[in-house]
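Residue numbers (my numbering): 19 to 1021.
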């Protein structure tokens, strides 16, 4: 499939914008029975983005014959030779993009060899570039061989394994091999790669065998030319399954990419790995006299039948709490208190042998009493396929307690006998040992709520030395923890500025030193609850006003309820505001306990209109001159603070924070009190006088309100609508209506504000055109401190009808309604006549109007009383002619009417009279004519126009006669020539006969 123009351009270098079709670089070699994919791309094309692709092949035995295989668009493109394979999906096209496809042949056959051509039909409007490209495909035989004898192998865990597979090939082309070993689990079809030798001769372990490959436990070796051996040094249960070998033959295409052409697997070998017995037992024993100050040695032993060296981790517990462990590598990890004792040489945790571990305390004390046990965990090699958790066993519990003599009398009490205090209050404990005869030392312990492991608060030695526990040293430096000795047998613990975490059980342990090595100890416990300040703090928010009007003062109260008001806890109140339509709250103002005020980042402009106050019972927020910008949600946040130390002053650590419920505030406009006098009246005034029309306001809304006044005028004539004369806004600025220049001069009208409740419209030199109905509209506006105006209401006054006093004029226009039919492209004349002409001292002006159905009235042309013509639109000047045929007759002539001139026509005549000194022409009367309905009809066709407008008639009358006459003329000419020839022949015969007669007579 080749276009000649394409062949001419194919060898030339393609310029930018030319179409170019390219296929995969060849030649390609693929094995019989395996798939092949060939790419085809087109660039530089125009038109649609999704191009059509057509694949054909030229077989080696007939290289000039094109065999069509498949098309992306035309199902009928495929020849019968390939139709069955295309229908079954063995051959198909995969579209990668609009301009790129892949031709897939799922299973190559020997007869598929040949030169493949990819062609794209032209969509560019012209041929410019290349439209096809070819690649040669050679089908080679499959020579790959992969073999391994199937068998079943039984091994015990820890034994080795070696399997060999034979791989060979006899391909004429240069190819590479890759060999991989896989394990197929007993359940499931998914195989796991063990190790592979890539085509680049690189060993790559499977993800599950990476660690064992690095350790040399898994190997793949090539033995000779064809043998590949898998070796596993120490088998594990996860190795069990079906093992097989897979080989892939690779060939390098001309584009330097490697492509697999054949792939085969061996039969499967079943491997059964018998797991080693891993069960073991853990025993614990103790060696000690259980006397204070004497050593304590705990022994943890592991008993197992396994012959392998196990990797064991041992964890030591005291009262079910992890106190230390030794991992499989021998690394020791201890809890903080025990780590300090180990660093001082008072404690040692050791591994005596692979199965024996010890925990030794050099000098046993009360803190070492309790229930001990050890836990042993066998650490397995990490493997994602290893089933179950690693073996874990615990010993039985063993109780360790000091031997104590008969207890002496001991007392532990809380000052004031309280069992529950508030966060921040002081905790004072007294511990007394009655009957003591020797020097004493005391150790204070704290067991927090929901915990069992005690924390060391501190100790007071017999020599008066104080040591604080690691968790309490910082609080001791700030003066919040103090240990004192009141007398020989009484000790005191003071915790100032208590925290909620200080709640729980307190234990006092007193030791009586009967000798230099130690003595006997007694202990006593008591419990205390420290309540958080948050649990005793509540806040509510409300507003005094049920309804807030713009410019009023908004008052909000944040009331604080505290159960610990006697403690005088520092309180900070923050007012927050979420504007209407916003998503987040913003800080308005924060008032601290000492009265310090901090404004929000964007609230500096509100400082002049906001006042905030605060007391121990709450806070009040006042917003003066409220505006719509203050609409939104309000809430208050109350924070209670606790001093960080006894030496600090003012708020320190935030101990509690409570936020009130949100309160929605909607600033509304006041109800308008505007009332305007609505009485209607009639004014009759002499021509050329000044008229005054009043607009009276009866009541207004109190406050910063202003008034806008707008005057409107409705003429008496038909089809008239209200016209806006002028508006005086709240700033006193006068704006004239847009339609005023059409009817009146702006200088005629003047608005006067007589008082705040009375406005007057002055009309100077009243004439006939000023007659009509007048009214005013009053708008009431409220000014806000935000600089905005808000419309409160609008009222309309009563109507005032303005009439001229009769002056004797009896102007009357004839009101005859009729219909005028006119042909298209003809001129039409419309008349407008006065009934009678009363006086010759008056002048007349006329305005012609036009209205189509469902359209507004249009002023066509006006002839003023001085004869000057004014057209409504410039194009009317060429179309219309207005003139006066006599003193009382007016004519409108429409030139060459067409269909758009259909409609209603009428005129309005005004009578003008010279008035005053010096004289001025004033309109004193007007009247309108009747309506003339103009209907424009299509012109009647003439004979010539009928012929010219019909092509068939034109052919019948002109062309057809010519066609009929032409053969007739030819026939006539032919008969004429033949008759002339016959006549000549007859004349010649007569002459010959006459000659023959003469010759006879002579003889």
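Glycine residues also receive a C-beta, built at the ideal position from the N, C-alpha and C atoms.
Evaluate residue 914 with the Cβ neighbour count: other Cβ atoms within 10 Å of its Cβ, from every protein chain shown; 16 or more gives buried, anything less gives exposed.
-> exposed
Report the rounded CA-to-CA distance for residue 355 versus residue 527, giving the unit in angstroms.
-> 17 Å
Beta-carbon contacts of residue 624 that lie in its chain and below 6 Å, excluding the five residues immediately before and after | none
Report the residue ranges of all beta strand (DSSP E) runs contained in full by the stretch 569 to 628; include only those spanning at least 3 residues, in chain order.
-> 572 to 580, 589 to 597, 604 to 609 and 615 to 617
Reduced DSSP category for residue 210 - H, G, I as helix; E, B as strand; rest coil = strand
Reference residue 203; option with closest CA among 242, 190 and 257 | 257
Can you round the beta-carbon distance between residue 193 and residue 269 to whole angstroms, since I take them to be within the 8 Å contact cut?
-> 5 Å
Between the C-alpha atoms of residue 730 and residue 740, what's the straight-line distance to the nearest angstrom?
-> 6 Å
Determine the direct distance from the alpha carbon of residue 219 to that of residue 244, and round the result to whole angstroms.
-> Looking at the two C-alpha atoms, the distance is approximately 14 Å.
Between residue 352 and residue 367, what straight-line distance do the alpha-carbon atoms span, to the nearest angstrom?
-> Distance between the alpha carbons of residue 352 and residue 367 is about 9 Å.
Decide if the stretch 221 to 240 is in contact with the stretch 137 to 154; the criterion is three or more beta carbon pairs, one per stretch, under 8 Å apart.
-> no
Taking residue 511 as the reference, which of 562, 539 and 444 has the closest Cα?
-> 444
Would the beta-carbon of residue 364 be found less than 7 Å away from any heavy atom of the ligand SAM?
-> In the structure shown, the ligand SAM is absent, as is every other ligand, since no ligand is present at all.
DSSP state of residue 875 mapped onto helix, strand, coil = Assignment of residue 875 by DSSP, reduced to helix, strand and coil, places it in the coil class.
Span of the beta strand (DSSP E) holding residue 99?
-> No beta strand (DSSP E) holds residue 99; the alpha helix (DSSP H) holding it covers 98 to 105.
Please name the residue in 259, 169, 316 and 173 whose C-alpha comes closest to that of residue 205.
-> 259
Just confirm the distance between the C-beta atoms of residue 41 and residue 71, as a whole number of angstroms; I'd bet it's less than 8 Å.
-> About 10 Å separates the two Cβ atoms, so there is no contact after all.
Go ahead and pull the three-state DSSP assignment for residue 708.
-> coil
Cα-Cα separation, residue 441 to residue 652 | Note on geometry: alpha-carbon atoms of residue 441 and residue 652 lie some 29 Å from one another.
Pull up the CB-CB distance for residue 64 and residue 142, whole angstroms please, since I reckon it's below 8 Å.
-> 4 Å
In the DSSP assignment, find the beta strand (DSSP E) that holds residue 447 and state where it starts and stops.
-> 445 to 451
Coil, strand or helix - residue 425 by DSSP | Residue confidence is low: residue 425 scores 49 on pLDDT, short of 50, so the model does not pin down where it sits. No coordinate-derived value is stated.
Hey, out of 711, 305, 772 and 947, whose CA is closest to residue 791's CA?
-> 711
Segment contact, 8 Å Cβ cut-off, at least three pairs: the stretch 942 to 959 with the stretch 920 to 928 = yes
Alpha helix (DSSP H) containing residue 359: first to last residue?
-> 354 to 361 is the extent of the alpha helix (DSSP H) around residue 359.
Residue from 55, 160 and 149 whose Cα sits closest to the Cα of residue 109 | 55
Could you give the distance in angstroms between the alpha-carbon of residue 371 and the alpha-carbon of residue 487?
-> 36 Å
Can you pull the DSSP bridge partners for residue 505?
-> 508
To the nearest angstrom, report how far apart residue 434 and residue 478 are at their CA atoms.
-> 24 Å
Decide if the stretch 445 to 456 is in contact with the stretch 466 to 474; the criterion is three or more beta carbon pairs, one per stretch, under 8 Å apart.
-> no
For the stretch 224 to 300, list the beta strand (DSSP E) runs that are entirely contained and at least 3 residues long, ordered along the chain.
-> 236 to 241, 245 to 250, 259 to 270, 276 to 283 and 287 to 292
Roughly how many angstroms lie between the CA atoms of residue 917 and residue 842, to the nearest whole one?
-> 7 Å
How many angstroms separate the CA atom of residue 149 from the CA atom of residue 69?
-> 11 Å
Boundaries of the beta strand (DSSP E) in which residue 748 is found, first to last residue | Here residue 748 belongs to no beta strand (DSSP E), and DSSP marks it neither H nor E.
Is the Cβ-Cβ distance between residue 911 and residue 839 less than 8 Å?
-> no
If residue 280 and residue 160 are in contact, beta carbons under 8 Å, what's the gap, nearest whole angstrom?
-> 5 Å
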